[in-house]
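Residues in the sequence shown are numbered from 0 upward in steps of one, following numbering that gives the first Met the number 0.
Backbone N, C-alpha and C fix where the C-beta goes; we use that ideal spot for every residue, glycine too.
All values reported here derive from a predicted model rather than from experimental measurement.
Report on the following structure.
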Amino acid sequence: MVMMHVVVAGAGGIGGVIAGEIALAGGELSVVDGWSDHVAAIQRDGLRLVGPAPGVERTTRLPAWHTSECQQVSSIDVLVLAAKAFDNQWLAPLLAPQLAADATVISAQNGVNEPLLAQLLGPERVIGTVVLFAAAATGPGQVRLDWRPTLQIGELDGTHTDRLDQVSTELGPGIDVEVSENIWGAIWSKLVMNCMSNPVNATLGGRARDCREQPGPRRVSLACGSEAVAIGQARGHHIEPVSGIEAERILVGGAGGPGAADLAAQWEATAAELGDVKGSMPTDIERGHKTEIDSFSGFISREGKRLGIPTPANNAVFQMVQEIEAGARLPGPQNLDELLRVLG
């Protein structure tokens with residue numbers, strides 16, 4: 000089998016781990032990133048992966064380019080977009096001229112990005128992808144891996160094709176790649192989980208697990224999840240379980256219907272899997288960076304309006320995070336009462 004040239008665009012936490020694992024396995028790989036110091040450090044010293052086990056560090060050499068140098072990247076067989084989702088609008092067209100005629104494009108990002116990428120780069124190139132691990136860039140040339148990297152990939156029409164097997168091979172062996180025949184259900188499951196966690200944590204501060212362990216935040220979290228499931232089902236998706244919980248249970252129990260108490264207990268029981276991580280959105284707010292709220296609660300809010308489905312919890316969280324980003328509101332527990340009033 001001819002080796003494919005993989006390009007990872009966005010070498011932060013997720014992209015850096017994907018790139019590092021492919022390079023360590025001997026794959027043909029380049030990275031593109033907009034952080035000049037990060038690119039310079041990779042060019043000079045290599046990319047260092049820390050973890051997941053304590054004390055484990057690995058360094059690999061790989062070609063790295065700044066986004067202003069995209070024209071120097073050789074023909075791309077597999078493009079892994081791992082920058083923030085809101086960057087796709089300009090980053091994807093920037094790399095389009097470098098794509099091989101039969102290139103495959105995957106979005107290792109939060110949110111539902113496949114329709115936009117299909118529009119920008121061609122629907123025949125895009126396969127669905129779900130990231131099932133956590134990682135973070137901890138400094139120029141260095142990323143931290145919290146647990147073994149796992150991806151789900153699948154054709155958007157649910158078929159099993161040869162290219163899925165090819166991409167799976169190119170991304171391994173350092174990455175566990177699961178091929179799904181229900182990738183839309185997996186994408187939506189990840190979106191539901193993100194709506195239940197990241198934006199709620201961003202409004203209230205604290206750790207990611209707080210919205211599962213604490214009664215008030217948990218109620219907001221489950222309401223956001225119920226609305227997201229309703230939207231996904233209205234779009235025709237069979238949503239995969241969310242952290243082991245059936246989507247239908249979240250739909251009904253999250254809205255205060257039958258099984259609400261059992262659902263709350265089950266959601267609380269999943270808190271331990273998060274450890275003490277904060278989540279990407281609260282971290283972005285702390286650093287003064289733009290968040291991906293538009294791809295989470297904002298997306299659900301817009302789809303609710305389009306489909307005629309009420310989404311009051313996601314609407315409120317979306318507005319609050321926008322206000323926090325604008326400096327008009329501070330994150331913290333003082334926002335909880337306002338969110339609970341919206342739920343009635």
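* Asked: Should Leu306 go down as buried or exposed, given a rule of 16 or more other Cβ atoms within 10 Å for buried?
  -> exposed
* Close beta carbons around Asn313, own chain, < 6 Å, minus the five adjacent residues each side -> Cys223, Glu226, Ser296, Ile299 and Ser300
* Top-ranked residue by Cα proximity to Glu245, from Thr290, Asp44 and Gly258 -> Gly258
* Nonlocal neighbours in the same chain, by C-beta distance under 6 Å from Ser220, ignoring five residues either side -> Met195, Val199 and Cys210
* Asked: Is the beta carbon of Val5 less than 8 Å from the beta carbon of Ile21?
  -> yes
* Using 10 angstroms around the beta-carbon of Gln141, count the other beta-carbons present and answer buried if the total reaches 16, otherwise exposed. => buried
* DSSP state of Val130 mapped onto helix, strand, coil -> strand
* Asked: To the nearest angstrom, how far is it from the Cα of Val320 to the Cα of Met2?
  -> 44 Å
* Would you mind listing the beta strand (DSSP E) stretches within the segment 25-84 that are 3+ residues and don't spill past its ends, in chain order? => 27-32, 46-49, 56-59, 63-65 and 75-80
* Asked: Helix, strand or coil for Leu150 per DSSP?
  -> strand
* Cβ contact (3+ pairs, closer than 8 Å) linking the segment 25-38 and the segment 71-84 -> yes
* Asked: Could you give the distance in angstroms between the alpha-carbon of Ile323 and the alpha-carbon of Gly215?
  -> 20 Å
* To do: Determine the contact status of Val358 and Ala81, defining contact as a CB-CB distance below 8 Å.
  => Not covered by the structure: residue 358. The range shown for the chain is 0 to 343.
* **Separation of Gly173 from Leu338, as counted between CA atoms** => 42 Å
* Could you tell me the boundaries of the beta strand (DSSP E) in which Asp101 lies? => Leu98 to Ser106
* Would you kindly report the start and end of the unbroken alpha helix (DSSP H) that includes Glu267? => Ala259 to Ala268
* Asked: Assuming Ala63 and Gln97 make a contact with CB atoms under 8 Å, what is their CB distance in whole Å?
  -> About 15 Å; that fails the 8 Å criterion.
* Asked: Leaving out the 5 sequence neighbours to the left and right, which residues in its chain are closer than 7 Å to Ala18 when beta-carbon positions are compared?
  -> Val7, Ala10, Leu28, Val30, Leu46 and Leu61
* Going by alpha carbons, who is nearest to Gly157 out of Ala134, Gly303, Ile126 and Gly252? -> Ile126
* To do: State the start and end residues of the unbroken alpha helix (DSSP H) segment that holds Ala18.
  => Gly12 to Leu23
* Quick one: what's got a C-beta closer than 7 Å to Ile186's C-beta in the same chain, skipping five residues either side? -> Val111, Gly127 and Val129
* Would you give the residue range spanned by the alpha helix (DSSP H) that Val6 belongs to? => No alpha helix (DSSP H) holds Val6; the beta strand (DSSP E) holding it covers His4 to Ala8.
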